[in-house]
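Enquirer:
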Amino acid sequence: MDAIISFANAVFQPIIDLGAAPMMVIILTIIAMCFKVKFTDALMGGLKLGIALTGISAIINILTSAFGDAMTAFVSSTGIQLTITDLGWAPLATITWGSPYTLFFLMIMVIVDAVMIVLDKTNTIDVDVFDIWHLAFVGLACMYFGANLIVATLLVVFIGVLKIINSDLMKPTFTDLLDAPEANPMTTTHMNYMMNPVIMVFNKFFDKFLPWLDKYDFDAAKLNSKIGFWGSKFAIGIYLGIFVGLLGHQDIKSICTLALTAAVCLELFSLIGSWFISAIEPLSQGITNFANSKLQGRTLNVGLDWPFLAGRAEIWAAANVLAPIMLLESLVLPGNGLLPLGGIIAMGLTPALLVVTRGKMIRMIVIGAIVLPVFLWAGTLVAPFVTETAIQVGAFPSSVAAGTLISDTTMEGPIEKFLAFLVGNASTGQITFMIYALLALVAYLLIFLWYRREMQKRNAEYVKEGKCHPDKLVTGKFCDVPVPETVPEGAPEGAAASEGSTE
Amino acid sequence: MIKILAACGAGVNSSHQIKDALEKEMKARGYNVSCDAVMIKDITEGMLAHYDIFAQIAKTDLGFEVKIPVVDAGPILYRMPAMAKPVYDAVEKVIKDNGLS
Chain F
0 MDAIISFANA
10 VFQPIIDLGA
20 APMMVIILTI
30 IAMCFKVKFT
40 DALMGGLKLG
50 IALTGISAII
60 NILTSAFGDA
70 MTAFVSSTGI
80 QLTITDLGWA
90 PLATITWGSP
100 YTLFFLMIMV
110 IVDAVMIVLD
120 KTNTIDVDVF
130 DIWHLAFVGL
140 ACMYFGANLI
150 VATLLVVFIG
160 VLKIINSDLM
170 KPTFTDLLDA
180 PEANPMTTTH
190 MNYMMNPVIM
200 VFNKFFDKFL
210 PWLDKYDFDA
220 AKLNSKIGFW
230 GSKFAIGIYL
240 GIFVGLLGHQ
250 DIKSICTLAL
260 TAAVCLELFS
270 LIGSWFISAI
280 EPLSQGITNF
290 ANSKLQGRTL
300 NVGLDWPFLA
310 GRAEIWAAAN
320 VLAPIMLLES
330 LVLPGNGLLP
340 LGGIIAMGLT
350 PALLVVTRGK
360 MIRMIVIGAI
370 VLPVFLWAGT
380 LVAPFVTETA
390 IQVGAFPSSV
400 AAGTLISDTT
410 MEGPIEKFLA
420 FLVGNASTGQ
430 ITFMIYALLA
440 LVAYLLIFLW
450 YRREMQKRNA
460 EYVKEGKCHP
470 DKLVTGKFCD
480 VPVPETVPEG
490 APEGAAASEG
500 STE
Chain Z
0 MIKILAACGA
10 GVNSSHQIKD
20 ALEKEMKARG
30 YNVSCDAVMI
40 KDITEGMLAH
50 YDIFAQIAKT
60 DLGFEVKIPV
70 VDAGPILYRM
80 PAMAKPVYDA
90 VEKVIKDNGL
100 S
C-alpha cells in the first residue's frame, strides 16, 4: 500500500503543485480524451477551463476590492451584518468545477443515469453535463462539513436519483407549458426543480383556500417589455452600488465607482461563465456520443439545462418582482449574512415556481417571497465552504481581507445544502446531528414522494386531455396513477390498472 | 454579415451552445454568420431590430411582436446531428428566402 501511495504521490503531486487552473487543464483534457474526444478539442476545453478559473478569480478580486470598504461602512452605519459578498451563480460554478471531485461526481451520475435507463426506472438521458456542478456542490459541501467521500457520494446519488425521476415527472408539464408536440423530447434534470415539492405544498394551499386570487393574474410578457433594460444585469449592479454606497455614507465619486464596478462585474461574471461552458462542451459532446452509441434504438427524453423554459415570460416577471422583495427580506431576516448582488435575479427559484403553478403569476410571487429566506439561509450556511474552496482552487484573491466570505443568494438546491450540512456533521459522529440528518432525509424523501403522487395525478389529467399518452407515461414509471375511462385505444396493459382517482 | 441572436435563461449556457453550433455550421455551408448570445430577459424590441434572425430555444413570448424571422433552435441542444440538421436547414432557408448575406 505504501508503494502505491508513494507512486501516486510521485505522479500526481507535481501536477497538484502546479495550482488549480493548470491541474484542471490536464485533468479535463485527459477525461475528455477518455470519452474519445479528439486531442485538440479536449485540450481546447481544458485550456478554456484554466482561463475561466483564472478570469473569475480576477473579477472576484475587482468586486471584493471595490466593495470591501463600502460594506464595512455599510455595516457600521446600519448595524446590519450583511458581510458575505453575493457573487451570483457564475463564479460559484467555476469554483465548483475547479475541484477534481466534480468530475468524479459527474462520472458517478453518468453511471447512475445509465443504470436507471437500463432498468427502465427513468426515460431521461441527462446530457446537461455542465449543471452537474449543482449536485457536486452538495457533495463537496457535505465533505466540507465532515463527511468522507463515500457518504458524500451516497448523498449525491440519493438526490441525483430523485432529480432524474423528477425530470420524468415534469416532462408532460414542459410539453404543456411550451405548447410543444408530445414527441418533443425536451425535459431537464436541473436541480432548481428540486424546489418543486416545497412549492407544491404552498400551491396546494392556494388551491384549497385562495383560488380566487388567480383571477387577478397579469400579463407577464407586457410587464417584462415595460421594464426593458431597467431589469438587466448591469442595471441591477448600478442600483446595488448606489444602495450600498448611500447606506455606507460614501462620497459621490465612490458611489459612482461602486455602481459601475458592480455593473461591470455582473456582466463579466456571465461572460466568463460562457467561457467555462465552452470549456466543458467537448466533454459534454463526448459523453452524449458515448451514451447514444450504447442506447441505440430506444427513444428517450433528453435532459437539458433549464432555459428552454426561459421563453415563458412569467419566469422573468416573477424574478423582476421578487428582486426587491428579496433585498428587503435580506435586511430583516435573522441569521442572514448575504446582501443580494450577483444572485439577485432569482433564477434558482422562478423556473420551479413556473412549473408547479403553471404560470399563475400571483402564486409565483407570493410563494417565491415565502421561500426566498430558505435561499438566503442556505447561501449564508455554505459561505465558509465556498470561500475555502475558492481559496483552494485559486479563485479567491489573496489580497482580500481574511474572514471575508463569498456565496450566492439564490443558488439552486438550498434544501440540499441543509442536507449536506446535516449529513456532513452527522458523519463526524455527533448523535444530535445523526438524528437531525436522519429526520431531514426522511422528510425530504416523504415530501418528494407526495409531490411525485401529485405530479402523477397531473400527468393523468394530461392523458385525459389528450396531451400525452399513457404508454409514454408508464415507461419510466412516472405515472402509475390510474388513467380511467379515457385511456386511448392501444394503451399498454396496466396504464389504468391501479387504484385511486385522477384528482 | 448575417446577424443572429440566440437567447437563454442566463445568456451563458444554452444560448452559447446554439451560437457556437450555428456559427460553425453556417460557416461550413458558406455563409458569413455572426451570432450573439444574451439573456432572454434582456431582449428588447430595439435590440432585435439589429439582427436578421432570432434563434429561440423554445416558443418565446417577449411581450412585443418579433419582426425578424424566428427559428426554433432548441433541438441543437440535444447534441445529436440528426436533430440539429433541421435547425441548420431552417436557418439556411431563412437566409435564402430573405436574401441575407
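For the record, the sequence lines run as chains F and Z. Each residue of the first sequence is one higher than the last, beginning at 0 in numbering that gives the first Met the number 0. Each residue of the second sequence is one higher than the last, beginning at 0 in numbering that gives the first Met the number 0. Note that the Cβ used here is the ideal one computed from N, Cα and C, for glycine as well.
Out of curiosity, what's the CA-to-CA distance linking Y435/F and V422/F?
Expert: Their Cα atoms are separated by approximately 9 Å.
Enquirer: Would DSSP call S166/F helix, strand or coil?
Expert: In the three-state reduction of the DSSP assignment, S166/F falls in the helix class.
Enquirer: Hey, could you find the ends of the alpha helix (DSSP H) N288/F is sitting in?
Expert: N288/F -> alpha helix (DSSP H) spans 251-293.
Enquirer: Which residues, in chain order, does the stretch 10-31 of chain Z contribute to contact with chain F at a C-beta distance below 8 Å?
Expert: G10, V11, N12, S13, S14, H15, Q16, D19
Enquirer: With a CB to CB cut of under 7 Å and the five nearest residues on each side skipped, what residues in its chain are close to V109/F?
Expert: Excluding residues within five positions, the ones whose Cβ falls inside 7 Å are I286.
Enquirer: Look up K2/Z in the DSSP assignment and say whether it is helix, strand or coil.
Expert: strand
Enquirer: In angstroms, rounded to a whole number, what distance separates the CA positions of D40/F and A278/F?
Expert: Their Cα atoms are separated by approximately 9 Å.
Enquirer: From I251/F, M410/F, A140/F, N183/F, pick the residue whose C-alpha is nearest to that of I75/Z; which is it?
Expert: N183/F
Enquirer: Show which residues of chain F have a CB atom less than 9 Å away from the CB atom of F63/Z.
Expert: A220, K221, S224
Enquirer: I believe A317/F touches G378/F by the beta-carbon criterion, under 8 Å. Please report the beta-carbon distance rounded to the nearest angstrom.
Expert: Cβ-Cβ separation between A317/F and G378/F: approximately 19 Å, too far for a contact (criterion under 8 Å).
Enquirer: Short of 6 Å in beta carbon distance, which residues of its chain neighbour F129/F, apart from the five on each side in sequence? Order them along the chain.
Expert: Within the same chain, F129/F has close Cβ partners I276, I279.
Enquirer: Compute the Euclidean distance between the alpha carbons of S406/F and G347/F, then round it to the nearest angstrom.
Expert: 14 Å
Enquirer: In chain order, what residues of the same chain lie with their CB nearer than 6 Å to the CB of I430/F, ignoring the 5 residues before and after it?
Expert: none
Enquirer: With DSSP as the reference, please indicate the residues paired to Q55/Z in a beta bridge.
Expert: Answer by DSSP bridge pairing, in chain order: D71/Z.
Enquirer: Are the stretch 110-125 of chain F and the stretch 383-391 of chain F touching, with three or more C-beta to C-beta distances below 8 Å?
Expert: no
Enquirer: Taking just the CA atoms, how far does T186/F sit from S166/F?
Expert: Take the alpha-carbon of S166/F and the one of T186/F: they are about 6 Å apart.
Enquirer: Threshold first: 4 residues or longer. Then list the alpha helix (DSSP H) segments lying entirely within the stretch 187-240 of chain F, N to C.
Expert: With a minimum length of 4 residues, the unbroken runs of alpha helix (DSSP H) contained wholly in the stretch 187-240 of chain F fall at 195-208, 219-226.
Enquirer: Could you name the residues of chain Z that T287/F contacts, counting a contact when the two beta carbons are closer than 7 Å?
Expert: R78
Enquirer: How about I241/F and L257/F: do their beta carbons lie closer than 9 Å?
Expert: yes
Enquirer: Straight-line CA distance for L438/F to L445/F?
Expert: 10 Å
Enquirer: Flag this pair as yes or no: are the beta carbons of E411/F and W88/F separated by less than 9 Å?
Expert: Yes, Cβ-Cβ distance for E411/F and W88/F is below 9 Å.
Enquirer: Return the residues of the stretch 41-61 of chain Z that lie within a Cβ-Cβ distance of less than 7 Å from chain F, sorted by chain order.
Expert: D41, T43, Q55, I56, A57, K58, T59, D60, L61
Enquirer: Could you have a look at L81/F and say whether DSSP puts it in helix, strand or coil?
Expert: coil
Enquirer: Show which residues of chain Z have a CB atom less than 8 Å away from the CB atom of M346/F.
Expert: G8, A9
Enquirer: Tell me whether M410/F sits in a helix, a strand or coil according to DSSP, three-state version.
Expert: Per DSSP, reduced to three states, the secondary structure at M410/F is coil, with no helix or strand assignment.
Enquirer: Hey, could you find the ends of the beta strand (DSSP E) G302/F is sitting in?
Expert: 300-303
Enquirer: Can you confirm whether I67/Z, when its beta carbon is compared against all beta carbons of chain F, has any partner nearer than 9 Å?
Expert: no
Enquirer: By how many angstroms is the C-alpha of G244/F removed from the C-alpha of A442/F?
Expert: 43 Å
Enquirer: Determine the burial state of Y215/F: buried for a count of at least 16 other Cβ atoms within 10 Å of its Cβ, exposed for fewer.
Expert: exposed
Enquirer: Kindly give me the distance between the Cβ atoms of D304/F and H133/F, rounded to whole angstroms, as I take these residues to be in contact under 8 Å.
Expert: Incorrect: roughly 11 Å between the Cβ atoms, too far for contact.
Enquirer: Tell me which residue opens and which closes the alpha helix (DSSP H) that P141/F is part of.
Expert: Correcting the residue identity first, residue 141/F is Cys in this sequence and not Pro. Element bounds for C141/F: 131-143.
Enquirer: Would you please state the rounded distance, in angstroms, between the beta carbons of G341/F and D85/F? I believe it to be under 8 Å.
Expert: Right, their Cβ atoms sit about 5 Å apart.
Enquirer: Between which residues of its own chain and I55/F is the CB-CB distance below 6 Å, once the five residues before and five after are set aside?
Expert: The beta carbon of I55/F sits closer than 6 Å to those of P90, T93, I271, A394, all from its chain and outside the five residues before and after it, given in chain order.
Enquirer: Consult DSSP for I30/F and reduce its assignment to one of helix, strand or coil.
Expert: helix
Enquirer: Using CA coordinates, which residue listed in T386/F, V373/F, V381/F is at the minimum distance from P144/F?
Expert: The identity of residue 144/F in the sequence shown is Phe, whereas the question assumes Pro. When only C-alpha atoms are compared, the closest one is V381/F.
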